[in-house]
Each structure stands twice: as structure tokens, then as C-alpha cells.
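**Student:**
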């Protein structure tokens, strides 16, 4: 079983819809939670991070973490065609030797239909 | 632009050949990571440097793989005797030493390796 599970999709929604992306994890040591966006053949770009449980909002994006359920979510409001990309969840525990290595989900491929 | 850069962007090689990739991190970032991403998967951690010291290597990093960061700035990743299973995107990331944003890893565009 993978430490981080993410539905690979693909997920297609009409423009303007609210998008919900999710990951579950099994490692209780994970403390920091991130969402990255990756366009085709590009490197991942950090969108959101959350430490421990709680919500964080940044513009059209909201990240939620529920550590009791080992479940994290990313919501995208008023989705735009430019949001079409693969969304990767990532997480890590307390670092050893400063190593903040990330464990990623498989990514969810999202398409926003104009 | 002061982002993470990687060279080459694409590499096609024949099985058994050696290849070397380069990563230039963001200036003054002392932490550098290599990840590998295969099609339909998320990136997987390979190795980590703090300054010039290689402090952790993944089990994924077989003896054919070697990474260096000789002066604590740029890094190289070499794969010897490439195999078709090495075909992947090799991603480099860098981050600050400490502070509130020490979690934030900035990724480069990646080097896509195809082994024929």
C-alpha cells in the first residue's frame, strides 16, 4: 500500500464549477501538506501548503487538512481553463538532517471545459 | 530569471550508455533534492544535499546512479549503463536552509530521459 493515495482521474468539469481534489495518507508522522500544480512536461509548481490540521485559503484555492481522518483536500472555486493541469498532493514529516523530502501522490489530471 | 534550471531538457540514449544531468539551484539555496517521475506517477525522492554533503539516498538510487554537488552550488546526477527502466523525468528542487518557508521546494523544469 502506498503511503499517499490519490485518485488519478481524469477529472473533467465545466468552467466556473467548484473542483474538489483529495488525498489520503497512512503515515501519522506527516505534518506538512502541500499541493502542487504540474502542467504537461513541466516541473511541479507549489500552490498551497498547510501545517497540521486546518484550512488555508489563497484566492480561488482552499486547502484543508484533517489529520484525524488522514485526509487532505484542495478546492478550486470559479475554475478556469487555465487550471487544467495535473494536481499533486505532497507531504512530509519532521526533517532528518534538514531533509525535507516530500512524498507525493500520483496526481489527478484535471480538465476545465470552456 | 533566478529559478531552478536543469540541463539538458531532453536526452535520448541507447541502453548501456552513461548520461549526466545538471541542476543549478536558486542562488543561495543550500538544500538540493533530486526526484524521479515516471509517467502517471508523482515524483519519488532520490537523494538530498545540504551544501556539498549528500546526506540521504533513497533505496531507488542503485549503484549505477551517482550524484554530486562539489561546491555546494550546482549538482550533477550520473546514470551509468542505462537501462530502459531508467526512462523517466528527473526533477531537481532546491530550498532555503531555515526559516518560516523552509518547507518550500522550488522545482526545475526537469530532464526527460528516454532509453532506447
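Protein chains in written order, with the numbering used here: chain G, 1 to 114; chain E, 115 to 230.
Even for Gly, the Cβ is constructed at its ideal location relative to N, Cα and C.
Remember, it's a predicted structure, so these values are computed and weren't measured experimentally.
From the beta carbon of residue 85 of chain G, is the nearest beta carbon of chain E less than 9 Å away?
**Tutor:** no
**Student:** Can you tell me the Cβ-Cβ gap for residue 123 of chain E and residue 223 of chain E, rounded? I've got them flagged as a contact below 8 Å.
**Tutor:** 6 Å
**Student:** Give, in chain order, every residue of the segment 50-62 of chain G whose Cβ lies closer than 7 Å to some Cβ of chain E.
**Tutor:** none
**Student:** Using the Cβ count rule (16 or more neighbours within 10 Å means buried), how would you classify residue 1 of chain G?
**Tutor:** exposed
**Student:** Along the segment 97-110 of chain G, what residues have a CB closer than 8 Å to any CB found in chain E?
**Tutor:** Those would be 97, 98, 99, 100, 101, 102, 103, 104, 105, 106, 107, in chain order.
**Student:** Going by beta carbon distance, what residues of the same chain come within less than 7 Å of residue 161 of chain E, once the five residues before and after it are set aside?
**Tutor:** 148, 168, 170, 171, 172, 175, 181
**Student:** With a threshold of 16 other CB atoms inside 10 Å of the CB of residue 200 of chain E, please say whether the residue is buried or exposed.
**Tutor:** buried
**Student:** Can you give the beta carbon distance from residue 139 of chain G to residue 74 of chain G, rounded, assuming they're within the 8 Å contact cut?
**Tutor:** Outside the displayed span of chain G (1 to 114) sits residue 139 of chain G, for which this structure offers no information.
**Student:** Check the DSSP bridge columns for residue 196 of chain E and list the partner residues they point to.
**Tutor:** Under DSSP, residue 196 of chain E shares a beta bridge with no residue.
**Student:** Looking at C-alpha atoms only, which residue of E/198, E/155, E/139 is the closest neighbour of residue 125 of chain E?
**Tutor:** E/198
**Student:** To which residues of the same chain is residue 150 of chain E closer than 8 Å at the C-beta, ignoring the five residues directly before and after it?
**Tutor:** 157, 158, 160, 174, 202, 203, 204, 205
**Student:** Scan the segment 125-140 of chain E for residues whose Cβ lies nearer than 7 Å to a Cβ of chain G and list them as they occur along the chain.
**Tutor:** none
**Student:** DSSP on residue 83 of chain G, reduced to helix/strand/coil?
**Tutor:** helix
**Student:** According to DSSP, simplified to helix, strand and coil, what is residue 231 of chain E?
**Tutor:** The question about residue 231 of chain E has no answer here: the residues shown for chain E are numbered 115 through 230.
**Student:** Assess, as a yes-or-no matter, whether the segment 179-195 of chain E is touched by the segment 25-40 of chain G under the definition of 3 or more beta carbon pairs within less than 8 Å.
**Tutor:** no
**Student:** Taking the C-alpha atoms as reference points, what is the distance between residue 177 of chain E and residue 61 of chain G?
**Tutor:** The alpha-carbon separation between residue 177 of chain E and residue 61 of chain G amounts to approximately 42 Å.
**Student:** So who's on the other strand from residue 36 of chain G, going by DSSP bridges?
**Tutor:** G/46, G/88
**Student:** Nearest CA to the CA of residue 184 of chain E: which residue from E/153, E/163, E/133?
**Tutor:** E/163
**Student:** Checking contacts by CB at 9 Å: is residue 219 of chain E closer than that to chain G?
**Tutor:** It does; some Cβ of chain G falls within 9 Å.
**Student:** Starting from the beta carbon of residue 43 of chain G, find every residue of chain E whose beta carbon is closer than 7 Å, and list them in chain order.
**Tutor:** 205, 221, 222, 223, 224
**Student:** Please report the residue range of the beta strand (DSSP E) in which residue 185 of chain E lies.
**Tutor:** No beta strand (DSSP E) contains residue 185 of chain E, which DSSP labels as neither H nor E.
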